[in-house]
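Under our numbering, the first residue of the sequence shown is numbered 25, with each subsequent residue one higher.
Even for Gly, the Cβ is constructed at its ideal location relative to N, Cα and C.
Please read the structure below before turning to the comments.
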Amino acid sequence: MVRLIAAVCITLGLAACQSETSAPDISIASQNANDTRVAKTLFGAMPTGSAQRPEAVGGYARGCQAGAAQLPETGPTWQAMRLSRNRNWAQPETVDFVQDLSRFAATQPGWEGLYVGDMSQPRGGPMLTGHRSHQTGLDADIWMLPPKRLDLTVAERENISSISMRRSSGAFTNDQWTPQHEAILRAAASDPRVARIFVFPGAKVAMCNSATGDRSWLSKIRPWWGHHYHFHVRLNCPAGDAGCTDQAPPPPGDGCAEAQGWVDRILNPPPPDPNAPPPKPRAELTMANLPGQCLGVLNAD
Ligand SMILES: [Zn+2]
């Protein structure tokens with residue numbers, strides 16, 4: 025997938041691509057250097073967090089989490105969705121952030137709070153399905169669907185769907201997009217705990233066009249594939265997490281010209297590059313590919 029994304033990025037001339045995907049092609053393992061077990065199978069089977077001091081370990085797409093907290097399934101201003109996935113686990117700072125953002129969302133007309141999608145597995149790590157990142161307890165998907173009720177049953181939370189905000193393949197927002205979406209995204213991006221937010225290109229351009237006053241928060245809003253049923257919030261490494269690897273910060277400036285470039289390429293796709301290497305299926309991460317500390321997270325009580 026690194027190769028595929030790289031090829032797409034080269035083809036489309038997307039300067040930001042490499043900075044978003046964040047999996048260095050190096051092994052940073054130590055005690056599990058020869059451990060060829062597939063990490064997603066092991067981490068996907070862990071039912072609860074580890075009884076350890078909370079710590080995000082490794083990179084967003086190559087790591088794990090110790091001492092995770094569980095976002096309560098229902099709170100005064102949020103509900104966790106798709107409970108069967110057991111992905112409402114994250115670092116305590118992420119859980120705090122999601123609750124804080126949900127309180128802000130609840131001040132917006134038409135929003136009772138937030139519907140929270142995938143965070144991380146109880147011990148983080150690679151997942152059996154979906155998501156390349158979300159491995160360190162610092163990523164959270166927030167549904168675009170404005171919550172009308174916060175008393176959804178478990179079954180309803182399995183079955184109802186979010187709604188798409190895009191038209192023209194993501195070049196533009198559709199008629200479901202509201203000023204409240206922009207206010208919530210702006211609040212999230214203005215939070216110093218947040219490193220970046222992924223959303224479809226048309227949404228970023230819409231916010232670029234309507235933003236007034238300070239524009240510095242726009243730099244954290246990053247155009248990306250998909251992300252029209254939810255937006256994805258990524259936090260910085262919490263202070264003191266020595267084994268946590270931050271991404272390079274987004275480029276300076278509001279990033280609006282870059283987002284417009286994404287839109288232009290959606291509307292007028294460049295011809296495929298005949299020299300692009302064929303996409304290669306991504307190898308599964310093994311325990312040896314993860315930081316050595318993740319073996320301890322896996323084996324902890
Ligand atoms: Zn996500």
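Separation of E308 from G68, as counted between CA atoms:
13 Å
Using the beta-carbon count (16 or more within 10 Å), is W249 buried or exposed?
Result: exposed.
Under the three-state reduction of DSSP, which class applies to Q123: helix, strand or coil?
helix
Could you spell out the range, first to last residue, of the beta strand (DSSP E) harbouring Q103?
W102 to A104
Using the Cα positions of V84 and H155, report the straight-line distance between them to the nearest angstrom.
It is worth fixing the name first, because residue 84 is Tyr in this sequence and not Val. Straight-line Cα distance between these residues: approximately 10 Å.
Would you mind reading off the limits of the beta strand (DSSP E) that contains L259?
In this chain, the beta strand (DSSP E) harbouring L259 covers H254 to L259.
For M105, which residues in the same chain have their Cβ closer than 6 Å to its Cβ, ignoring the five residues on either side in sequence?
Y139, G141 and R181
Relative to the C-alpha of D163, which residue among W135, T98, A300 and V218 is closest?
V218
So what's Q138 in DSSP terms, helix, strand or just coil?
Note that residue 138 is Leu in the sequence shown, not Gln. In the structure shown, L138 sits in a strand (DSSP, three-state: E or B).
Own chain residues within Cβ distance below 6 Å of W21, not counting five before or after
This structure does not reach residue 21, given that the chain is present from 25 up to 325, and the question cannot be answered.
Could you pull out every unbroken alpha helix (DSSP H) segment of at least 4 residues lying fully inside the segment 186-268, listed in chain order?
203-213 and 225-234
For D165, is the beta carbon positioned less than 8 Å from some heavy atom of ligand 1?
yes
Just to confirm, are P295 and S243 a CB contact at a threshold of 9 Å?
no
D163 by DSSP, collapsed to three states: which one?
strand
Taking contact to mean at least 3 C-beta pairs separated by less than 8 Å, is the segment 226-241 in contact with the segment 263-275?
no
Closest to A57 by C-alpha separation, out of W286, N313, E97 and I184, would be which residue?
Here the closest residue by C-alpha is N313.
Rounded to the nearest angstrom, how far is the Cβ of G148 from that of A92, given a contact under 8 Å?
So it is a contact: roughly 7 Å between Cβ atoms.
Residues near Q284 in its chain [Cβ-Cβ closer than 7 Å; skip 5 each side]:
V229
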